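**Q** One structure, as structure tokens, below. Some questions next.
Chains as they are written, first to last, in the numbering used here: chain C, 1 to 342; chain V, 1001 to 1342.
Right, dumping it as structure tokens:
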């Protein structure tokens, strides 16, 4: 029998490969694989479903991630997917695989973080599954959300000349991760003093206790703006804008000088001798919302606090490009997940 | 800090412990943790949500479980939970953690089984998450189902004098597992001939390719019977009837002589010198439906093909008991999961 290594396809290639055989047969299945969440019909109202699997050693390292923060983040990453559909998260199920090295108190801490996130975002824990694990800690969370049919924003609605916008700033969560990784290796087995995180709190917070942008859909709605396409920034802006472009059958231009980067992120990139633009474009785990709006909304969207217009949609033939500070055009590369995690 | 070993609470103890802090706050969250599926309000219609986490080495052993069968079974166990609420499964999300030892072809086989189950049961795959795993194969499936409000059957409705019924027969999947485990140890590293499974096909099928009892809710509805409580037999009848009794605040009596056991199961139990009643009560993974009906339905339910009345509900004070063939009454023990898997 033939053996094709998964690495030859990559994460998204693998998903595409497996998903191409999947046919939707139920009238209630409005949208399946391929967006931030699935969309299910419920008599006019829509049920949104999204799920995330987090594995120890791949998505988190318990040597520097406190369990309470992990619980919080595990919930947030799912809420973020529902907001990215312009929906409202309402329920989650939580499945855990637990090895013997965990105590009941460890799980209590994890649940504290989970429940704190649920309380803040108005979400209920309605079920799950708990099982022993022979290996690491496994977390699988599914989030159910709701939206009116007319409000849902998919990834495939971006049109030529639309503006590309992003909330907040980029790359900080990734620099937080680099910082934690460095401290881990510095402190491994040594008697060094406590790590000094002074002046880097924002980076750590973005990595360890991210928030979902619940406020952005509300802000846009108040100002009469409905995005034409939207996605949350989990893999990195570069990878995520390419998802929008692929599904919308368009190209894009991103301006390097427009990428919103926090001061701490820029400082830290310099310390690590990393290109700050690469960090902002490919860092990932920002959980900001990346969306497109019609050009006619330019004035309205530009005036909104915390929203940055970083580029615009082009015709498909133009491809996906970055215009650097010196005016050079170069092809955007979706390094995202493969780049960072392998 | 205090450290309480998880083993001191056990699986259900741990779930109770963690779940007791969970409060439902959303008007749409009608039923949370504690039944086969969560129940969510959707303008009169109800959305059901259930989820299962399957871990290599805990729930399956790839040395004798073909990947296609694993895909089929992973879907079925979730459908079964929705039928146990008297609902209809319609969508699933599938999250996989995959290690490098898997090839694309391996995953194709897994998906073939998954899609076959979905096709047969009329269910759509609408999303999921795929990630690398440093260790074993991880499968997390969430199933969304639907039901009319009036049709949903919970675990907490059993009343004193209700009859306890079960579909199909019991213990075969567990004997199938024993058989596979034996062949695995016999064949480990040896040059023995092919294992001889002749006359044991039913046991293997029940273990490797179980079916969910889609037909039972339909059969009951056709005959005007609505169960007062229902659960699917995943941990074993003994453990599962105790879930119904605990949530319904009642006791029960099960008659040993009424337990439906297939000929192959009985033969195999003898070969392994196991007590066939213990196998039927505690084997688990039967994915049959265990339900209670009012005493007044006795005649109607007894006449249904493949339905067995195995006991009745009593007052809580009487506890949960087994009446053996010789008339002795002994307390039911829920060995279920802990007994078999540790």
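Positions of the beta carbon are idealized from the N, C-alpha and C atoms, including for glycine. All figures in this text were calculated on a predicted structure; none of them were measured in a lab.
What residues match up with residue 139 of chain C in a beta bridge as DSSP calls it?
**A** Indexing the first chain from 1 puts residue 139 of chain C at position 139. Beta-bridge pairing links residue 139 of chain C to C/54 and C/96.
**Q** Any beta carbon from chain C within less than 7 Å of residue 1120 of chain V's own beta carbon?
**A** Numbered from its first residue, the second chain carries residue 1120 of chain V at position 120. Not an interface residue.
**Q** Would residue 1233 of chain V and residue 1288 of chain V qualify as a contact pair, given that the criterion is a beta-carbon distance under 7 Å?
**A** Your numbering for residue 1233 of chain V matches position 233 in the second chain. Your numbering for residue 1288 of chain V matches position 288 in the second chain. Cβ atoms of residue 1233 of chain V and residue 1288 of chain V: closer than 7 Å.
**Q** Roughly how many whole angstroms lie between the Cα atoms of residue 1168 of chain V and residue 112 of chain C?
**A** Mapped onto the second chain, residue 1168 of chain V falls at position 168. Mapped onto the first chain, residue 112 of chain C falls at position 112. Those two C-alpha atoms are separated by around 42 Å.
**Q** Would residue 1144 of chain V and residue 1085 of chain V qualify as a contact pair, given that the criterion is a beta-carbon distance under 7 Å?
**A** Start at 1 with the first residue of the second chain, and residue 1144 of chain V comes out as number 144. Start at 1 with the first residue of the second chain, and residue 1085 of chain V comes out as number 85. Cβ atoms of residue 1144 of chain V and residue 1085 of chain V: not closer than 7 Å.
**Q** With DSSP run on the structure shown, which of helix, strand or coil describes residue 1339 of chain V?
**A** Stepping through the second chain from its first residue, residue 1339 of chain V is reached at position 339. Legend: pLDDT at residue 1339 of chain V = 33, less than 50; position of this residue unreliable, value from coordinates given subsequently. Three-state result, residue 1339 of chain V: helix.
**Q** For residue 1358 of chain V, return the contacting residues in chain C, with the cut-off set at a CB-CB distance below 9 Å.
**A** The question about residue 1358 of chain V has no answer here: the residues shown for chain V are numbered 1001 through 1342.
**Q** Residue 1009 of chain V versus chain C: which residues are under 7 Å apart at the beta carbon?
**A** Reading the second chain from its first residue, position 9 is the one you call residue 1009 of chain V. Simply 104.
**Q** Is residue 173 of chain C close to chain V, meaning its C-beta is less than 7 Å from at least one C-beta of that chain?
**A** Your numbering for residue 173 of chain C matches position 173 in the first chain. Not closer than 7 Å to any Cβ of chain V, the Cβ of residue 173 of chain C fails to qualify, so no.
**Q** Return the chain-ordered ranges of every alpha helix (DSSP H) run that is complete within the stretch 273-317 of chain C and spans a minimum of 4 residues.
**A** For the stretch 273-317 of chain C, whole alpha helix (DSSP H) runs of length 4 or above, ordered along the chain, are 276-282 and 298-302.
**Q** Any C-beta of chain V sitting closer than 7 Å to the C-beta of residue 109 of chain C?
**A** Within the first chain, residue 109 of chain C is the residue found at index 109, counting from 1. No, residue 109 of chain C lies away from the interface with chain V (no Cβ there is under 7 Å from its Cβ).
**Q** What is the DSSP secondary structure of residue 19 of chain C, counted as helix, strand or coil?
**A** Your numbering for residue 19 of chain C matches position 19 in the first chain. Three-state result, residue 19 of chain C: helix.
**Q** Would you identify the three-state DSSP class for residue 1027 of chain V, choosing helix, strand or coil?
**A** For this step, residue 1027 of chain V is matched to residue 27 along the second chain. Coil.
**Q** Near residue 1219 of chain V, which residues of its chain fall below 7 Å by C-beta distance, leaving aside the five closest residues on each side in sequence?
**A** Locating residue 1219 of chain V in the second chain gives position 219, counting from the first residue. Answer for residue 1219 of chain V: 1304, listed in chain order.
**Q** Going by alpha carbons, who is nearest to residue 1154 of chain V out of V/1089, V/1123 and V/1230?
**A** Along the second chain, read from residue 1 onward, the residue named residue 1154 of chain V stands at position 154. Residue 1154 of chain V has its Cα closest to that of V/1230, out of V/1089, V/1123 and V/1230.
**Q** Hey, how far is the Cα of residue 28 of chain C from the Cα of residue 121 of chain C?
**A** Along the first chain, read from residue 1 onward, the residue named residue 28 of chain C stands at position 28. Along the first chain, read from residue 1 onward, the residue named residue 121 of chain C stands at position 121. When rounded, the distance between both Cα atoms is 27 Å.
**Q** Find the residues of chain V that neighbour residue 17 of chain C, judging by a C-beta separation of less than 9 Å, and give them in chain order.
**A** Working through the first chain from its first residue, we reach residue 17 of chain C at position 17. Under the 9 Å cutoff, chain V gives 1104, 1107 and 1108.
**Q** Contact defined as beta carbons within less than 8 Å: I believe residue 1203 of chain V pairs with residue 1264 of chain V. What is the distance between those atoms, to the nearest angstrom?
**A** Here residue 1203 of chain V is taken as the residue at index 203 of the second chain, counted from 1. Here residue 1264 of chain V is taken as the residue at index 264 of the second chain, counted from 1. The pair is a contact, with the Cβ atoms about 5 Å apart (cut-off 8 Å).
**Q** When you compare only the Cα positions, how much space is there between residue 235 of chain C and residue 1275 of chain V?
**A** Translated into positions along the first chain, residue 235 of chain C becomes position 235. Translated into positions along the second chain, residue 1275 of chain V becomes position 275. If you take the alpha carbons of residue 235 of chain C and residue 1275 of chain V, they lie about 54 Å apart.
**Q** Out of V/1241, V/1036, V/1052 and V/1103, which has the shortest C-alpha to C-alpha gap to residue 1067 of chain V?
**A** Mapped onto the second chain, residue 1067 of chain V falls at position 67. Ranking the options by Cα distance to residue 1067 of chain V, first place goes to V/1103.
**Q** Residue 1211 of chain V by DSSP, collapsed to three states: which one?
**A** Residue mapping note: residue 1211 of chain V aligns to position 211 of the second chain, counting from 1. Looking at residue 1211 of chain V - three-state DSSP - the assignment turns out to be coil, as it is neither helix nor strand.
**Q** Nearest chain V C-beta to residue 51 of chain C closer than 7 Å, yes or no?
**A** Taking the first residue of the first chain as 1, we reach residue 51 of chain C at position 51. With 7 Å as the cut-off, residue 51 of chain C counts as an interface residue toward chain V.
**Q** Go through its chain and collect everything with a Cβ distance to residue 1034 of chain V's Cβ below 8 Å, but skip five positions before and after it.
**A** To locate residue 1034 of chain V, count along the second chain from 1; it is residue 34. Cβ within range, chain order: 1019, 1155 and 1247.
**Q** Please classify residue 1008 of chain V as buried or exposed, where buried requires at least 16 other C-beta atoms within 10 Å of its C-beta.
**A** Within the second chain, residue 1008 of chain V is the residue found at index 8, counting from 1. Exposed: under 16 other Cβ atoms inside 10 Å.
**Q** Quick one: give me the first and last residue of the beta strand (DSSP E) that residue 119 of chain C is part of.
**A** As a working mapping, residue 119 of chain C is identified with position 119 in the first chain. Premise fails: residue 119 of chain C lies in the alpha helix (DSSP H), 104-121, not in any beta strand (DSSP E).
**Q** DSSP beta-bridge partners for residue 48 of chain C?
**A** As a working note, residue 48 of chain C is residue 48 in the first chain. According to DSSP, which records beta bridges pairwise, residue 48 of chain C is partnered with C/39 and C/145.
**Q** Using a cut-off of 7 Å between C-beta atoms, extract the partners of residue 1135 of chain V located in chain C.
**A** Here the question's residue 1135 of chain V lines up with position 135 in the second chain. Those are 135 and 136, listed as they occur along chain C.
**Q** With a cut-off of 8 Å, do at least 3 Cβ pairs link the stretch 1075-1090 of chain V to the stretch 1043-1050 of chain V?
**A** Short answer: they touch.
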